[in-house]
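Beneath this line is the structure, given in structure tokens, with notes to follow.
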Amino acid sequence: MIPSLPRPAWLRAATALYVGAFLLFLFLPLAIVAVFAFNNAPYPAPPWHGFTLDWFLGNEAEGRIGLFRDSELLGSIWTSCSVALWVTGLSVAVGTANAFLMEREQFPGKGILSMLMLTPLVIPGVILGISILAFASRLADLCTELFGIEADFLRPGLPLVVLGQFSYIAAIATLTISARLKRFDRSLEDAALNLGASHAAVLWHITLPYLRPAIIGSAAIAFLMSFENFNTTLMLVGSDAPLTIMMYGRMREGATPVLNAVSLFLMTASAVLALTLMRRGKRQQS
Amino acid sequence: MAETAAGALWYRRLVLALLLAPALLWLLALIVLPHFDLALLSFRARVAPREYVASLAQYRSFFGEPLYWHVFVRTALLSAFATALTLLVAFPIAWIIAKLARGRMSALLFVVCLIPFWVSETVRTLGWMILLRESGVLPALLVHLGITAQPVELLYHDATILVGLVYTSLLFMVVPLVGSLESLDNSLIEAAYDLGGKGWPILRTIVIPHAAPGITAGCIVVFMLTLGNYLTPTLLGGKNSLWFTEQIYAQFITRFNWEQGAAFGFLLLALSTAMVWLGLKASGQRFSDVMRRV
Numbered sequence: 000m001i002p003s004l005p006r007p008a009w010l011r012a013a014t015a016l017y018v019g020a021f022l023l024f025l026f027l028p029l030a031i032v033a034v035f036a037f038n039n040a041p042y043p044a045p046p047w048h049g050f051t052l053d054w055f056l057g058n059e060a061e062g063r064i065g066l067f068r069d070s071e072l073l074g075s076i077w078t079s080c081s082v083a084l085w086v087t088g089l090s091v092a093v094g095t096a097n098a099f100l101m102e103r104e105q106f107p108g109k110g111i112l113s114m115l116m117l118t119p120l121v122i123p124g125v126i127l128g129i130s131i132l133a134f135a136s137r138l139a140d141l142c143t144e145l146f147g148i149e150a151d152f153l154r155p156g157l158p159l160v161v162l163g164q165f166s167y168i169a170a171i172a173t174l175t176i177s178a179r180l181k182r183f184d185r186s187l188e189d190a191a192l193n194l195g196a197s198h199a200a201v202l203w204h205i206t207l208p209y210l211r212p213a214i215i216g217s218a219a220i221a222f223l224m225s226f227e228n229f230n231t232t233l234m235l236v237g238s239d240a241p242l243t244i245m246m247y248g249r250m251r252e253g254a255t256p257v258l259n260a261v262s263l264f265l266m267t268a269s270a271v272l273a274l275t276l277m278r279r280g281k282r283q284q285s
Numbered sequence: 000m001a002e003t004a005a006g007a008l009w010y011r012r013l014v015l016a017l018l019l020a021p022a023l024l025w026l027l028a029l030i031v032l033p034h035f036d037l038a039l040l041s042f043r044a045r046v047a048p049r050e051y052v053a054s055l056a057q058y059r060s061f062f063g064e065p066l067y068w069h070v071f072v073r074t075a076l077l078s079a080f081a082t083a084l085t086l087l088v089a090f091p092i093a094w095i096i097a098k099l100a101r102g103r104m105s106a107l108l109f110v111v112c113l114i115p116f117w118v119s120e121t122v123r124t125l126g127w128m129i130l131l132r133e134s135g136v137l138p139a140l141l142v143h144l145g146i147t148a149q150p151v152e153l154l155y156h157d158a159t160i161l162v163g164l165v166y167t168s169l170l171f172m173v174v175p176l177v178g179s180l181e182s183l184d185n186s187l188i189e190a191a192y193d194l195g196g197k198g199w200p201i202l203r204t205i206v207i208p209h210a211a212p213g214i215t216a217g218c219i220v221v222f223m224l225t226l227g228n229y230l231t232p233t234l235l236g237g238k239n240s241l242w243f244t245e246q247i248y249a250q251f252i253t254r255f256n257w258e259q260g261a262a263f264g265f266l267l268l269a270l271s272t273a274m275v276w277l278g279l280k281a282s283g284q285r286f287s288d289v290m291r292r293v
């Protein structure tokens, strides 16, 4: 049970076995994806045919299009990045404003608003997607009917994908930044004001620097969640497919190991992001 | 003096208005109004091109067509089963992280558990597909070990869907469980043990009641995410997946029958909300506290 109580040998062995099996379960799929990115065969399947870098570097002449020559895949990575940048910027800005609103202001209906801010987290992503799709289409139809304007940004496409992802990622940013602002010692602001600082200067030099870890953290989470989002994006996507949608389409058709190559690329990128954030966190603590 | 007081009041009102604007715009334009519109959409039927009447036809066809509600019930049951399985798999590892492993080891194990979830669900599902499909790694291994004569297809079964769902949900169970188990005082368990308590009674009367908030939070989130999952069931279950989100997609995008799709969406939302509400009632917790745990 716990270290201070006697534990029979079989229980110790079972615990070690369980941890081993659990870690195998967690990492086997990822390891398999990574290994088959280097297999010299047209499909990501055993047996092992030897090591190759074709799935990264290959070009059409060799009959194998590698990741760095696959303009469709590279384009979708770029699409995902630009969507994620928009979502991150919007979510962090709105999240910061919301944190000040909920922690600093008093107004009628605040309780309802704070409940409402959490609801996007319990609505399934598919439903967020279809509701925004239907509502935007109705607005676009209205635009055409009333003003004779074609509001293309309200039709399925990247602007709607950004709005769809933002609709729930903003809730996460709000929670993270509010939690930090709640712990802020307001006497620091009062001291600065007493010493003659303007409200803007206090915000810029005292409050925002204090919030910085939460802002950076929620920006990283927002970027990652946007990049990986599938459910909401699937419903709102137009002709430009972000990476997850592109990969899904190819996985259904039975793709070449170039998907493993792009997956390995993503794993490396996430690992670098995770490590950077953890080191930052550690530095701040010490 | 009066002028500056009025000025200060005016300034405070301006700040409040500026802070309220983005929040209201976000919640009204992207959450409240779209869902209101979706509700309207689900309660109408098309009688002629561009002509609609208020009607319950969409909901009637859901209950009238066995395929629709069978898939709905199946999705709900499999999601509940996947949630229970996730709890069973996650509890021991959460216990080991919170109670058995010490210091650095515990922190390391926790981080290691989180790592796979930094990678997108698409990548993790690709891994399972390469492992399990007929030409994949595990069937080849089974043949090699002499367990099966021919490679067997391990994809496209309900069990495969469950494995995939448990895998993607683990993080959301482990994190709240570790949180609630860490706050349990070891001396309570020692006392129970000294008084003659055995493993199972201690678990049932001390550990589980203490961890109940974490268990509820984890179960609510896992159930909700599983119910709304699309990628894992469709890729690991193939044509046999029969997952309800797939029906919503089919109505909305493939058949362009938005009225029917809206009704399906609302039914899924109703089920999801009902389970969240039940979970909160059963454990006597507040919604906002649960969301902060995860």
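From first to last, the protein sequence lines stand for chains Z and V.
For the first sequence, the tail end lands on 285 under numbering that gives the first Met the number 0, and the numbers increase by one without skipping.
For the second sequence, the tail end lands on 293 under numbering that gives the first Met the number 0, and the numbers increase by one without skipping.
Even glycine gets a Cβ: it sits at the ideal position worked out from N, Cα and C.
Item, Value
"For residue 225 (chain Z), collect the residues of the same chain with a Cβ closer than 7 Å to its Cβ; drop the 5 residues on either side in sequence, then sort them by chain order.", "82, 83, 86, 87, 164 and 168"
"Cβ of residue 75 (chain Z) less than 8 Å from any chain V Cβ?", "no"
"At 4 residues or longer, what runs of the alpha helix (DSSP H) sit wholly inside the region 89-173 of chain Z?", "109-117 and 124-146"
"Locate the beta strand (DSSP E) running through residue 52 (chain V), then write down its first and last residues.", "50-53"
"Does any residue of chain A have a CB that is nearer than 8 Å to the CB of residue 23 (chain Z)?", "The chain labelled as chain A is not found among the protein chains of the depicted structure, namely Z and V."
"Along chain V, in chain order, which residues have C-beta atoms closer than 7 Å to that of residue 209 (chain Z)?", "Chain V residues near residue 209 (chain Z): none, gap ~18 Å exceeds 7 Å."
"Going by DSSP, what residue range makes up the beta strand (DSSP E) through residue 45 (chain V)?", "43-47"
"Please identify, using Cβ separations under 8 Å, the residues of the region 126-155 of chain V that lie next to chain Z, in order along the chain.", "126, 127, 128, 129, 130, 132, 134, 135, 136 and 139"
"Check whether the Cβ atoms of residue 86 (chain V) and residue 128 (chain V) sit closer than 8 Å, and answer yes or no.", "no"
"Determine, using beta carbons only, whether residue 104 (chain Z) comes closer than 8 Å to chain V.", "yes"
"At least one CB of chain V closer than 8 Å to the CB of residue 91 (chain Z): is that the case?", "no"
"Would you please state the rounded distance, in angstroms, between the beta carbons of residue 75 (chain V) and residue 161 (chain V)? I believe it to be under 8 Å.", "Actually they are not in contact, since the Cβ atoms of residue 75 (chain V) and residue 161 (chain V) sit about 14 Å apart, beyond 8 Å."
"Nearest to residue 261 (chain V) by alpha carbon, out of V:243, V:274 and V:275?", "V:243"
"What separation, rounded to the nearest whole angstrom, lies between the Cα atoms of residue 125 (chain V) and residue 259 (chain Z)?", "8 Å"
"Using the C-alpha atoms, what's the distance from residue 279 (chain V) back to residue 217 (chain V)?", "12 Å"
"Measure from the C-beta of residue 207 (chain V) to each C-beta in chain Z and report whether the shortest distance is under 8 Å.", "no"
"What does residue 223 (chain Z) reach in chain V if we use C-beta pairs closer than 9 Å?", "117 and 119"
"By Cβ distance below 8 Å, which residues in the same chain neighbour residue 89 (chain V) in space, the five residues on each side in sequence not counted?", "169, 172, 173, 176 and 217"
"So if DSSP puts residue 50 (chain Z) in a beta bridge, which residue, or which two residues, is it bridged to?", "Z:38"
"When you compare each of V:281, V:20, V:4 and V:32 to residue 119 (chain Z) by their alpha carbons, which one comes out closest?", "V:32"
"Quick check on DSSP: helix, strand or coil for residue 209 (chain Z)?", "helix"
"How big is the Cα-Cα spacing for residue 93 (chain V) and residue 184 (chain V)?", "15 Å"
"Can you tell me whether DSSP reads residue 3 (chain Z) as helix, strand or coil?", "coil"
"Just to confirm the assignment, what range does the alpha helix (DSSP H) spanning residue 150 (chain V) have?", "First-last for residue 150 (chain V): undefined, no H or E at that position."
"Does the region 101-116 of chain Z touch the region 9-20 of chain V, meaning 3 or more C-beta pairs lie closer than 8 Å?", "yes"
"Could you check where the alpha helix (DSSP H) with residue 188 (chain V) kicks off and where it finishes?", "185-193"
"Of all Cβ atoms in chain V, is any one closer than 8 Å to the Cβ of residue 96 (chain Z)?", "yes"
"Would you say residue 288 (chain V) lies against chain Z (beta-carbon separation less than 8 Å)?", "no"
"Could you check whether the region 264-282 of chain V touches the region 25-44 of chain V, counting it as contact only if at least three pairs of C-beta atoms, one from each stretch, sit closer than 8 Å?", "yes"
"For residue 151 (chain Z), is the classification buried or exposed, using 16 other Cβ atoms within 10 angstroms of its Cβ as the cut-off for buried?", "exposed"
"Please decide whether residue 133 (chain Z) counts as near chain V, where near means a Cβ-Cβ distance under 8 Å.", "yes"
"Identify, in the order they occur along the chain, each residue of the same chain with its Cβ nearer than 8 Å to the Cβ of residue 201 (chain V), setting aside the five sequence neighbours on each side.", "188, 191 and 192"
"Can you give me, in chain order, the residues of the region 82-100 of chain V that have a beta carbon less than 7 Å from any beta carbon in chain Z?", "91, 92, 95, 98 and 99"
"Return helix, strand or coil for residue 125 (chain V), following the three-state DSSP convention.", "helix"
"Who are the neighbours of residue 188 (chain Z) on chain V, taking C-beta pairs under 8 Å?", "What residue 188 (chain Z) touches in chain V: nothing, since even the nearest Cβ is about 14 Å away."
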